[in-house]
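Visitor:
Numbering (my numbering), first residue to last: 5 to 104.
(1) Do residue 30 and residue 75 have their C-beta atoms within less than 7 Å of each other?
(2) Just how far apart, CA to CA, sit residue 26 and residue 16?
(3) Taking the beta strand (DSSP E) that residue 57 falls in, what are its first and last residues?
(4) Name, in chain order, the residues that DSSP records as bridge partners for residue 98.
(5) Do you know offhand how far residue 86's Cα is from residue 92's?
(6) First and last residue of the alpha helix (DSSP H) that includes residue 16?
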């Protein structure tokens with residue numbers, strides 16, 4: 005499985021992951037809702053389970069993805085400042101380029 009994190013997102017995520025209350029936790033990308041051939045995604049900080057695959061990224065952040073969840077493979081985490089500030093999670097490899 006693969007996961008891409010942009011430079012903007014990595015900067016914000018590292019600040020969050022460095023907090024004492026998040027010690028020993030991993031970033032998890034999860035599917036909050038799926039229909040048809042695409043999904044809507046969310047983020048959480050948690051410990052890995054037997055159902056997880058730990059995916060290393062080129063930004064030095066390991067991400068938890070549920071094994072076998074096809075819509076999670078190839079997910080991209082970005083952080084935008086405009087039109088509103090926040091994380092944007094898509095899966096371009098599955099044709100999901102943003103919420104509709």
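For each residue, glycine too, the CB sits at the ideal point set by N, CA and C. Being a predicted model, the structure only gives us computed values, none of them experimental.
Guide: Working from what's here:
(1) no
(2) 14 Å
(3) Segment 56–60, the beta strand (DSSP E) holding residue 57.
(4) DSSP lists no partner for residue 98.
(5) Within the model, the alpha-carbon separation for residue 86 versus residue 92 is close to 11 Å.
(6) Looking at the DSSP string, the run of the alpha helix (DSSP H) that includes residue 16 is 11–21.
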